[in-house]
Amino acid sequence: MTFLALSVLLLIGQLVQVSAMPFAQVTRNLPQDVDHIAHDEANGRYLAYKRDGSLYGSYPSHSVRDFDERNLKRGEGGGPCAKLAVEEAKQLPGYGLLEERANEQWGTGKRKVVTNPTKADQAALGATACVGNEIVQVKLSGPHCNSRTGQVDGQARETNGTITTSVSSTYSNTGSWSVKSASSIGVSSTVSAVFGIPEILGVGGEITTSAEFRNEVAHDFSTENLETTASGSTFNVPSGKKCQIVYDVRTCTVPGFGKVRYEASGWVWFEYNSRVKDHYNWALRIEAIIKNVDDRSSFMGFAGSVQGTTNANFDAQCDSI
Numbered sequence: 077m078t079f080l081a082l083s084v085l086l087l088i089g090q091l092v093q094v095s096a097m098p099f100a101q102v103t104r105n106l107p108q109d110v111d112h113i114a115h116d117e118a119n120g121r122y123l124a125y126k127r128d129g130s131l132y133g134s135y136p137s138h139s140v141r142d143f144d145e146r147n148l149k150r151g152e153g154g155g156p157c158a159k160l161a162v163e164e165a166k167q168l169p170g171y172g173l174l175e176e177r178a179n180e181q182w183g184t185g186k187r188k189v190v191t192n193p194t195k196a197d198q199a200a201l202g203a204t205a206c207v208g209n210e211i212v213q214v215k216l217s218g219p220h221c222n223s224r225t226g227q228v229d230g231q232a233r234e235t236n237g238t239i240t241t242s243v244s245s246t247y248s249n250t251g252s253w254s255v256k257s258a259s260s261i262g263v264s265s266t267v268s269a270v271f272g273i274p275e276i277l278g279v280g281g282e283i284t285t286s287a288e289f290r291n292e293v294a295h296d297f298s299t300e301n302l303e304t305t306a307s308g309s310t311f312n313v314p315s316g317k318k319c320q321i322v323y324d325v326r327t328c329t330v331p332g333f334g335k336v337r338y339e340a341s342g343w344v345w346f347e348y349n350s351r352v353k354d355h356y357n358w359a360l361r362i363e364a365i366i367k368n369v370d371d372r373s374s375f376m377g378f379a380g381s382v383q384g385t386t387n388a389n390f391d392a393q394c395d396s397i
């Protein structure tokens with residue numbers, strides 16, 4: 077081999093990643109300009125290509141089946157994602173960009189569109205609908221509040237003109253919600269998200285709490301936050317009096333609404349009946365082709381109300397013995 081040929085091979089090795097790491101483990105860290113892949117089934121490899129058609133890297137496919145999908149399973153809950161069905165993908169505002177790109181790259185020959193392949197080597201390289209990491213902001217309008225007096229159980233008598241007892245200041249915020257409009261992706265899936273709820277009792281800032289919900293009209297779900305602070309408090313007691321520890325209870329109920337963004341990401345497969353550019357199966361990366369997040373998103377709308385309750389201003393209410 078000549079020195080020139082060896083230099084060319086070394087240069088190619090630097091420009092194209094030939095990895096022993098399974099593709100499913102690196103797919104989320106690919107550069108944005110890597111937007112399509114081919115499954116080379118004969119050689120057990122995934123070939124990742126840049127937007128300009130140049131080869132970015134070659135990865136083994138044999139270990140893809142071991143990829144952890146626990147948070148992607150439809151309907152099991154506990155995670156932020158659900159699998160994206162083909163019918164759902166086709167309802168995305170920007171889906172036409174995927175079809176257009178596939179036609180340009182590989183033609184309009186007979187093919188099947190797949191979002192979650194069942195072949196073992198491809199099973200983890202599908203598409204998902206995720207609520208993402210953004211906080212779901214709840215909008216509130218006009219509280220209705222009332223106040224009452226609460227009592228600590230039991231009575232206290234003076235000890236050297238004072239009484240000391242344990243009191244607990246509590247703050248609770250409970251939201252009751254119902255799904256009014258379902259997202260067109262992640263249909264009927266159960267996922268979780270973090271909700272941001274404005275404080276309604278004037279005792280702090282925004283409350284964040286997580287909740288699970290089902291993307292289905294008329295599904296009810298709740299958000300909850302409870303904070304309790306216990307402390308020992310001392311109260312003055314007039315001579316010859318018996319006292320009851322009382323406190324103010326304030327409750328506010330506020331109507332509210334919000335929407336949850338479901339964002340599509342991952343790979344849409346175009347499985348051809350005949351080889352196209354040496355391969356049967358090609359896939360496009362949703363977020364690299366549909367760059368505008370709104371064009372690959374759909375929203376679930378919900379409405380309901382928040383009830384906040386707090387107790388404070390502890391004092392001794394005393395009567396003659």
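Residue numbers (our numbering): 77 to 397. All C-beta atoms in this analysis are idealised placements derived from N, C-alpha and C, irrespective of residue type, glycine included. Note that the structure is predicted; figures quoted are calculated from it, not measured.
*Buried or exposed: which applies to leucine 168, given that a residue is buried once 16 or more other Cβ atoms fall within 10 Å of its Cβ?*
Along the sequence shown, one-based indexing puts residue 168 at 92. By the neighbour-count rule (16 or more Cβ atoms within 10 Å), leucine 168 is buried.
_Unbroken alpha helix (DSSP H) run spanning asparagine 179, endpoints_ = Counted from its first residue, the sequence shown places residue 179 at position 103. First-last of the alpha helix (DSSP H) with asparagine 179: 171-182.
*Which residue comes first and which comes last in the alpha helix (DSSP H) that contains valine 322?*
Residue 322 sits at position 246 when you count from the first residue of the sequence shown. Run containing valine 322: none in the alpha helix (DSSP H); it sits in the beta strand (DSSP E), 317-352.
*Quick one, which of Asn119, Thr327, Gln320 has its alpha-carbon nearest serine 396's?*
On the sequence shown, residue 396 is found 320 positions in, with the first residue counted as 1. Nearest C-alpha to serine 396: Gln320.
_CB-CB length for serine 254 against glycine 380, believed under 8 Å_ = Sequence index remark: in the sequence shown, residue 254 carries index 178 (1-based). Sequence index remark: in the sequence shown, residue 380 carries index 304 (1-based). Distance from serine 254 to glycine 380 at the Cβ level is roughly 6 Å; contact confirmed, criterion being Cβ atoms closer than 8 Å.
*Since I believe glutamine 213 is in contact with histidine 112 (beta carbons under 8 Å), could you give me their beta-carbon distance rounded to a whole number of angstroms?*
Numbered from 1 along the sequence shown, position 36 holds the residue referred to as residue 112. Numbered from 1 along the sequence shown, position 137 holds the residue referred to as residue 213. At roughly 35 Å, the Cβ-Cβ gap does not stay under 8 Å, so histidine 112 and glutamine 213 are not in contact.
*Quick one: is asparagine 291 buried, meaning 16 or more other Cβ sit within 10 Å of its Cβ, or exposed?*
Residue 291 sits at position 215 when you count from the first residue of the sequence shown. Looking at its Cβ environment, which holds 16 or more other Cβ atoms inside 10 Å, asparagine 291 is buried.
*asked:* Just to confirm, is the Cβ distance from serine 223 to tyrosine 338 under 8 Å?
replied: Counted from its first residue, the sequence shown places residue 223 at position 147. Counted from its first residue, the sequence shown places residue 338 at position 262. No. Outside cutoff.
*Are the beta-carbon atoms of valine 325 and asparagine 387 separated by less than 8 Å?*
Locating residue 325 in the sequence shown gives position 249, where the first residue counts as 1. Locating residue 387 in the sequence shown gives position 311, where the first residue counts as 1. Yes, Cβ-Cβ distance for valine 325 and asparagine 387 is below 8 Å.
*Between threonine 103 and tyrosine 356, what straight-line distance do the alpha-carbon atoms span, to the nearest angstrom?*
The residue given as residue 103 occupies position 27 in the sequence shown. The residue given as residue 356 occupies position 280 in the sequence shown. Answer to the nearest angstrom: the Cα atoms are 20 Å apart.
*For isoleucine 276, does the three-state DSSP call read helix, strand or coil?*
Along the sequence shown, one-based indexing puts residue 276 at 200. Residue state, collapsed to three classes: coil.
*List the residues that DSSP assigns as beta-bridge partners of alanine 392.*
One-based indexing of the sequence shown puts residue 392 at position 316. For alanine 392, which the question treats as bridged, DSSP gives the partners Ile321.
*Name the DSSP bridge partner or partners of leucine 160?*
The residue given as residue 160 occupies position 84 in the sequence shown. DSSP, once it has assigned bridges, lists no residue as partnering leucine 160.
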